[in-house]
Each structure stands twice: as C-alpha cells, then as structure tokens.
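So the structure is just underneath, and the comments pick up after that.
Protein chains: 2
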Amino acid sequence: MDLIKALNWRYATKRFDADRVLPENKILRLKRTFNLTATSYGLQPLRLVVVQDKPLQEKLRNAAFNQQQVSTASHVLVIAIEKEVGKEFIENYFRSVHHIRKTPKEILSPYTESLIKRFEKASPRDIREWAVNQAYLSLGSLLTACAMEEIDSCPMEGFNPQQFDEILGLTELNLESILVLPVGYRAPDDKFATFKKVRRPLEEMVLRRP
Amino acid sequence: MDLIKALNWRYATKRFDADRVLPENKILRLKRTFNLTATSYGLQPLRLVVVQDKPLQEKLRNAAFNQQQVSTASHVLVIAIEKEVGKEFIENYFRSVHHIRKTPKEILSPYTESLIKRFEKASPRDIREWAVNQAYLSLGSLLTACAMEEIDSCPMEGFNPQQFDEILGLTELNLESILVLPVGYRAPDDKFATFKKVRRPLEEMVLRRP
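Protein chains in written order, with this note's numbering: chain A, 226 to 435; chain B, 226 to 435.
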C-alpha cells in the first residue's frame, strides 16, 4: 500500500477480531522491523516481548485497566528497556561491531572508553529516560511498519508496568516494560475505524526556514 | 520497496550528495507522515521545521558539532516540542475533535476536564519528558517512511538545542528542538553505506511468551 494511504488507514484499534490470527511471517516482519530500528549509538537498550496466548492476554488485560484490545488482539507486543546499560553492555556492543565489521580493536577502543565514561557520569534517571526514548522510537517504526503491512495495532502507554513485568517474567531479566502494542485484525464492528482522523493543520504543524 | 529490504537499505548517512535536492512532493510526503504519526491522547505536542538553505544549514552545522551531514543534506528536518501543553492547548485539541468529528461537547467535556487535571497535576519535567517521547515516536515514523521512500537520512541527538532554537526562531514560538534529521541522497563515496549493520541477534532481542 502507498505510505500515506497506509498511514491514513491505520488507527488505534480498540476492538480486534478475536478469531483471526496473524500469520507467523507477518510477526517475523515486525520482529525484524523492531531489530532494524535505529537506536542511539546503535546500542539497542531494548527487547520485544511477543505474547500469543489468550489466557496470558487475559492476565495482561487485567494489568491494563481492563482494555479489551489486549485480550482480543492476535498478538500483544511489549517493548521493554534494559535496566542496566553500563560498562558490560557497552563492551558487548563493541565486541559485536568488531565481530561483524572486522573494525580493529585499536580503532574501537577510544570510542568504547569514552562512551562508558559518558554513561558512568549520567544519572540512573537520565539513562532510563534515554532508553525510554529509544523505546518510543521503535514504537514509531513498528506503527508505520504495521500500517505498511496492513496489520492493525493499538499503541498503549496506559498499563501497570510492574504487573506486566511480573506476569511476563521480565523483572528477573532486568527488563522493564514501557509500551504495549496489541496487533491483529480490526473487528468489523469497531466504530473507531470510522472516525475521522483529528490532526492539526499541516501548515500549522510544519514551519519552513528561511 | 519491500519494508525489510528498505530498512536494511537505510543507514545513518554521514555524507550527502550536496548537489542533489529532494523533490517537493517527497518533502510533502515526509510532512504528511509527521502529521499522521500517532501521539499520546492525540495531542500532537510537536512541530516539524523544514530547513532548505545552504547558508542557514551552515549555521546549524556550527551548532551541531560541525557535523557535515547538516550542511550537505538536501533538507534538514528538526523535530521540536511545544513548551506549553496546558489547559489552552488541550482545549484547542478538543475543539478540533468537535469540529472534525462532530462529537457533541457534552461527551467531550468530561474527558477534556480530566485530561486538563492530569496535566495540571504533572510536573513540568514530566510533561516535557512526555512530549520528548512523542518526538522520538515521530522520528521512528519518519525514519521508516524515509526508508520506504528511498530517502537517505541521519537521525541526530547530538547538537546544541539552544543554538538551534535561536537560529530557527523557535524560542519566541515556545518551541524547543529535540531531534534533527538531515535528509537527501547519500554521496557515492560515503563509506558508511558499505558497513554491515550491527544488530543484536533476533533470538536475543525478541522473547516469546508463554
């Protein structure tokens, strides 16, 4: 589908067709999109949790103010951030750079060291904010990918992250859920699909310089 | 282009072909993508600044640690946040909802009031973080759109926002620049185009539940 047509076609789906399941190859494309998303310094302080199980989705729905899109969706994607981005994490990344690109260690070392120092100086709150920003960036990428693939989705900030972390076993992996994205097929009777999009006028949203 | 192919094609372009200019219709598609991006509560606390002027781009480059992609790109997009998201901003939004969707005011009022209260209770720092998150979301959307449209781009967090705000006249509009995205065509000799992508293995990045 044409990009702009696809972006107009998408909407925050409130009611999914609970009987329809996204084929595995579509889910694979979303996973790949997530992994191909650009992140700050290339560090990828993120993970994607893919949930496909109605009883488990019911539990998540209870931890998401009972919003039915969580239980009726084909799959629920949860974007989580890494809670420990420090020396080890950064060194791991540069080991991959060396392994994949064959960049000599002498060239990577100074950059590795300066990045480690930068993170050591930053407060835990700043590092968390930085990682959360990357989670939102990946959500923007996923939403656009969903639209292009004609997959319905509903981006959600409103849920209980602690409960999600417990239900999904993320706490022990040092992960924290930040965003939830149920995906699947819109129910034919979802009235939200018929609502006109509300957007500020383009000439107000975009400024030209000079 | 196929979505995954496009995402593999894209890379953070460091050297643009300074002689090539993106056609107006491509820029329009990016502006539309930006305006169609989902935002929290639909509030769109954002603006996009489109810069196309080499002398102005040189000034921005000086305010961006001299990174040449700012001056060589065809256009420079700057994603800014609104610094005052309060009662008036929220009421404006719901006026649009009423105008565009013809939703009766009696239905919109309670929601409007509760959202205003929520923002009144939030700290300025929390509101800023919330808006910054939406800026990142829109960047994810724009990056994916660029890839689909075969537009080269380079997402940038590293620049001097105060200087950008001054140069672009954003301060007096109560806007704050958050992210910079030079767009255009890669230079044939940009060696970064040949580097292999570094990504964590898909099986590490994605967890399945149950």
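In this text, a Cβ means the ideal position worked out from N, Cα and C, and glycines have one as well.
Roughly how many whole angstroms lie between the Cα atoms of residue i and residue j?
i, j, result
"proline 335(A)", "isoleucine 352(A)", "21 Å"
"leucine 368(B)", "serine 296(A)", "30 Å"
"threonine 453(B)", "serine 378(B)", "The structure shown does not extend to residue 453(B), since chain B is modelled only from 226 to 435, so the question has no answer here."
"alanine 356(A)", "valine 405(A)", "16 Å"
"asparagine 317(B)", "leucine 340(B)", "13 Å"
"alanine 418(A)", "arginine 434(B)", "29 Å"
"arginine 245(B)", "valine 276(B)", "15 Å"
"arginine 272(B)", "glutamate 331(A)", "42 Å"
"alanine 347(B)", "lysine 312(B)", "12 Å"
"proline 413(B)", "threonine 396(A)", "46 Å"
"valine 310(B)", "threonine 264(B)", "13 Å"
"glutamine 292(A)", "aspartate 415(A)", "14 Å"
"asparagine 260(B)", "glutamate 428(A)", "10 Å"
"arginine 326(A)", "isoleucine 315(A)", "16 Å"
"leucine 228(A)", "alanine 298(A)", "24 Å"
"leucine 432(A)", "glutamate 391(A)", "45 Å"
"arginine 254(A)", "proline 426(A)", "33 Å"
"glutamate 422(B)", "histidine 324(A)", "A quick correction: the sequence has lysine, not glutamate, at residue 422(B). Roughly 11 Å between the two C-alpha positions."
"glutamate 374(A)", "methionine 226(A)", "8 Å"
"lysine 256(A)", "methionine 430(B)", "9 Å"
"lysine 284(A)", "leucine 302(B)", "42 Å"
"arginine 424(B)", "arginine 350(A)", "25 Å"
"glutamate 345(B)", "glutamate 354(B)", "15 Å"
"isoleucine 376(A)", "threonine 258(A)", "13 Å"
"alanine 370(A)", "phenylalanine 420(A)", "22 Å"
"arginine 320(B)", "phenylalanine 319(A)", "51 Å"
"asparagine 358(A)", "asparagine 358(B)", "6 Å"
Applying a beta-carbon distance threshold of less than 7 Å, which residues of chain B neighbour residue i?
i, result
"glutamate 382(A)", "Ser265"
"arginine 343(A)", "Result: empty, since nearest Cβ-Cβ is about 11 Å, beyond 7 Å."
"asparagine 358(A)", "Val357, Asn358 and Tyr361"
"valine 322(A)", "Val423"
"glutamate 354(A)", "Glu354"
I want to verify the contact list: residues of chain A whose CB lies under 7 Å from the CB of residue i, in sequence order.
i, result
"alanine 370(B)", "Leu228 and Thr369"
"proline 435(B)", "Asp278 and Leu281"
"glutamate 313(B)", "What glutamate 313(B) touches in chain A: nothing, since even the nearest Cβ is about 14 Å away."
"leucine 364(B)", "Leu362 and Gly365"
"valine 246(B)", "Those do not exist, as valine 246(B) stays about 15 Å from chain A at its closest Cβ, beyond 7 Å."
"leucine 178(B)", "Because residue 178(B) is not part of the residues shown, which for chain B are 226 to 435, the question remains open."
List, in chain order, every chain B residue whose beta-carbon is nearer than 9 Å to that of residue i.
i, result
"tyrosine 485(A)", "The requested residue 485(A) does not occur in the structure, where chain A is confined to residues 226 to 435."
"glutamate 374(A)", "Leu228"
"alanine 243(A)", "None at all; the shortest Cβ gap to chain B is about 18 Å."
"arginine 254(A)", "Leu228 and Ile229"
Cβ closer than 8 Å: which chain B residues qualify as neighbours of residue i?
i, result
"lysine 421(A)", "Ile325 and Arg326"
"asparagine 233(A)", "Leu261"
"threonine 258(A)", "Leu228, Ile229, Leu232 and Thr369"
"leucine 406(A)", "Neighbours of leucine 406(A) on chain B: none; closest Cβ ~10 Å, over 8 Å."
"alanine 237(A)", "Ala263"
"arginine 240(A)", "Neighbours of arginine 240(A) on chain B: none; closest Cβ ~17 Å, over 8 Å."
"serine 299(A)", "Under the 8 Å cutoff, chain B gives no residues; its nearest Cβ is about 14 Å from serine 299(A)."
Here's a check: name, in chain order, each residue in its chain whose Cβ is nearer than 8 Å to the Cβ of residue i, leaving out the five neighbours to either side.
i, result
"proline 386(A)", "Glu401, Ser402 and Ile403"
"leucine 364(A)", "Ile304, Pro380, Leu404 and Leu406"
"threonine 463(B)", "No answer is possible for residue 463(B): the residues shown for chain B start at 226 and end at 435."
"alanine 360(B)", "Leu271, Ile304, Ala305, Ile306, Ile403 and Leu404"
"lysine 342(B)", "none"
Near residue i, what residues of its chain come up, given a Cβ to Cβ distance below 6 Å and the 5 sequence neighbours on each side ignored?
i, result
"arginine 286(A)", "Val295 and Ser296"
"lysine 308(A)", "Asn399 and Glu401"
"alanine 289(B)", "Val295 and Phe384"
"phenylalanine 389(A)", "Ala288 and Ser402"
"leucine 393(B)", "Val274"
Run down chain A in chain order and give the residues with a C-beta less than 8 Å from the C-beta of residue i.
i, result
"asparagine 250(B)", "Going along chain A, no residue has its Cβ under 8 Å from asparagine 250(B), so there is no contact; the nearest lies around 11 Å."
"glutamine 269(B)", "Arg424, Arg425 and Met430"
Residue i touches chain A at which residues, Cβ-Cβ below 9 Å?
i, result
"glycine 193(B)", "There is simply no residue 193(B) to check, as chain B begins at 226 and stops at 435 in what is shown."
"threonine 273(B)", "The displayed chain sequence assigns leucine, not threonine, to residue 273(B). Within chain A, the residues near leucine 273(B) are Met430, Val431 and Leu432."
"serine 402(B)", "Ordered by position in chain A, no residue passes the 9 Å Cβ test against serine 402(B), which lies about 11 Å from the chain."
Ordered along the chain, which non-local residues of its own chain (more than five positions away) have a Cβ less than 7 Å from that of residue i?
i, result
"histidine 300(B)", "Leu247, Ile252, Val275, Val276, Gln277, Val408 and Gly409"
"alanine 372(A)", "Ala231, Leu232, Trp234 and Arg235"
"threonine 262(A)", "Leu362, Ser363 and Ser366"
"glutamate 382(A)", "Leu404"
Does at least one heavy atom of the ligand NAD sit under 7 Å from the Cβ of residue i?
i, result
"glutamate 307(B)", "For the ligand NAD, the structure offers nothing, since it holds no ligand at all."
Under 8 Å: do the segment 398-416 of chain B and the segment 231-247 of chain B share three or more Cβ pairs, one atom per stretch? yes
Of all the alpha helix (DSSP H) runs that stay within the bounds of the segment 349-420 of chain B, which reach a length of 4 or more residues? 349-373 and 386-392
Is there contact between the segment 261-269 of chain B and the segment 243-252 of chain B, where contact requires at least three CB pairs shorter than 8 Å? no
So, does the segment 320-335 of chain B touch the segment 273-288 of chain B, judging by three or more C-beta pairs under 8 Å? no
Every unbroken alpha helix (DSSP H) within the segment 266-306 of chain B, with a cutoff of 4 residues, ordered by chain: 279-287 and 294-297
Alpha helix (DSSP H) runs wholly inside the segment 226-273 of chain A, at least 4 long, in chain order: 228-234 and 249-261
Taking the runs of the alpha helix (DSSP H) that are 4 residues or longer, which of them lie wholly in the segment 312-343 of chain B? 312-326
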